[in-house]
Amino acid sequence: MDRRYLAFDIEIAKILPAEVSDLKAHRPLGITCAATLAEGDAEARLWFTKESNSWPAPTMSRDDLSELVDFLSAQVEAGFTILTWNGLGFDFDILAEESGRHDDCKRLALGHVDMMFHVFCEKGFPVGLDAAAQGMGVRGKPPGMSGVLAPELWAAGKTSEVLDYVAHDCEITLEVAAVSRQRSDFAWITRRGSRSRLPLRSGWLTVEQALRLPKPDTSWMTSPMPRTHFTGWLR
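Counting from 1, position 191 in the sequence shown corresponds to residue 190 in numbering that gives the first Met the number 0; the numbering is continuous, with no gaps.
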């Protein structure tokens with residue numbers, strides 16, 4: 000299926016230790032900034048709240064987050080399909096909480112393409128964006144930069160670095176989608192360093208479509224992750 004994608008990503012405000020694996024257990028997390036990037040556009044649109052001196056605020060205001068939700072909804076109406084990496088289990092969940100627009104975010108989440116969630120529904124385990132970038136032969140995240148480090152940099156006033164980072168994540172997401180569309184195939188690098196593949200004969204599925212896939216055999220896993228890990232907030 001040929002879609003016009005609009006990549007979307009957020010960065011959180013709460014500073015947490017690097018060893019924390021479940022960020023959402025420490026919510027509310029706040030949102031410092033977000034980025035949206037449509038296929039064909041040269042640059043991402045950056046979203047953040049400005050203080051009276053025009054400097055980026057510590058967190059985005061509810062009004063500005065609501066404006067972001069309105070923008071995403073308008074882009075869907077205009078024919079774009081929102082594209083994320085783990086947007087179902089994280090970005091839309093946090094946006095729903097911080098904006099107060101739960102119903103709208105739920106609708107957007109179900110109708111968008113979360114490539115990581117599609118892979119999870121097929122394979123029974125998630126794959127990281129960097130592993131996907133390496134597998135598809137596209138540029139990955141900047142060395143030494145991560146979503147965990149972003150809140151510290153933002154709080155330290157290094158907001159331009161975080162804005163570049165969130166925009167870059169959107170670029171990577173679009174590039175992974177573009178290459179996989181050309182190949183009708185998705186590949187990633189496993190933790191063992193080998194390459195694994197997933198055929199995409201019908202392209203990427205929306206969250207709603209991926210949820211209809213039969214659950215994979217996870218009997219070989221000690222503690223398989225349930226789909227509710229990503230979908231629980233929808234209820």
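Ideal Cβ positions, reconstructed from N, Cα and C, are used throughout, including at glycine.
**OP:** Could you tell me which of Met224, Gly146, Pro142 and Leu128 sits nearest to Val19, measuring between CA atoms?
**Re:** Gly146
**OP:** Would you mind reading off the limits of the alpha helix (DSSP H) that contains Trp153?
**Re:** Ala149 to Ala154
Original post:
For Trp187, which option in Met144, Asp163, His167 and Val126 has the closest C-alpha, if you only look at C-alpha atoms?
Top reply: Val126
Original post:
By Cβ distance, which residues of its chain are closer than 6 Å to Phe119, with the 5 residues on each side in sequence left out?
Top reply: Pro125
**OP:** Let me know the alpha helix (DSSP H) ranges lying completely inside the segment 52 to 127, each 4 residues or longer, listed in chain order.
**Re:** 61 to 76, 91 to 98, 101 to 110 and 114 to 122
Original post:
Name the DSSP beta bridge partners of Ser193, please?
Top reply: Paired residue(s): none; Ser193 is not in a bridge.
Original post:
Where does Arg100 land, buried or exposed, given buried means 16+ other C-beta within 10 angstroms?
Top reply: buried
Original post:
Looking at the unbroken beta strand (DSSP E) that takes in Asp7, where does it start and where does it end?
Top reply: In the sequence as presented, Asp is not what sits at residue 7; that position holds Phe. Where Phe7 is concerned, the enclosing beta strand (DSSP E) stretches over Arg3 to Ile11.
**OP:** Can you tell me which of Leu36, Arg196, Ile11 and Ala108 puts its alpha carbon nearest to the alpha carbon of Gly134?
**Re:** Arg196
Original post:
So what does Trp187 bridge to, in DSSP terms?
Top reply: Ser195
Subject >> Pairwise C-alpha distance: Thr83 and Met115 >> reply: 8 Å
Original post:
To which residues does DSSP link Arg44 through a beta bridge?
Top reply: Thr35
**OP:** Could you name the residues of the same chain whose beta carbon sits closer than 6 Å to that of Lys105, not counting the 5 residues immediately before and after it, in chain order?
**Re:** Leu233
Original post:
Got a sec? Which residues, its chain only, sit under 6 Å from Asp113 by beta carbon, not counting five neighbours each side?
Top reply: Thr83, Gly86, Leu87 and Val206
Original post:
So, using beta-carbon positions, are Ile9 and Ala37 closer together than 8 Å?
Top reply: no
Subject >> Which listed residue (Gly156, Asp129, Thr80 and Ala73) has its alpha carbon closest to that of Gly202 >> reply: Thr80
Subject >> Lys23 in three-state terms, based on DSSP >> reply: helix
Original post:
Run through DSSP, which three-state label would Ile30 get?
Top reply: strand
Original post:
Buried or exposed: where does Ser310 fall if 16 or more other Cβ atoms within 10 Å of its Cβ makes it buried?
Top reply: Beyond the ends of the chain as shown, which are 0 and 234, falls residue 310; an answer cannot be given.
**OP:** Report yes if the CB atom of Phe91 is closer than 8 Å to the CB atom of Ala108, and no otherwise.
**Re:** yes
Original post:
Hey, Glu160 and Leu152 are a contact pair by Cβ (cut 8 Å); roughly how many whole angstroms apart?
Top reply: 5 Å
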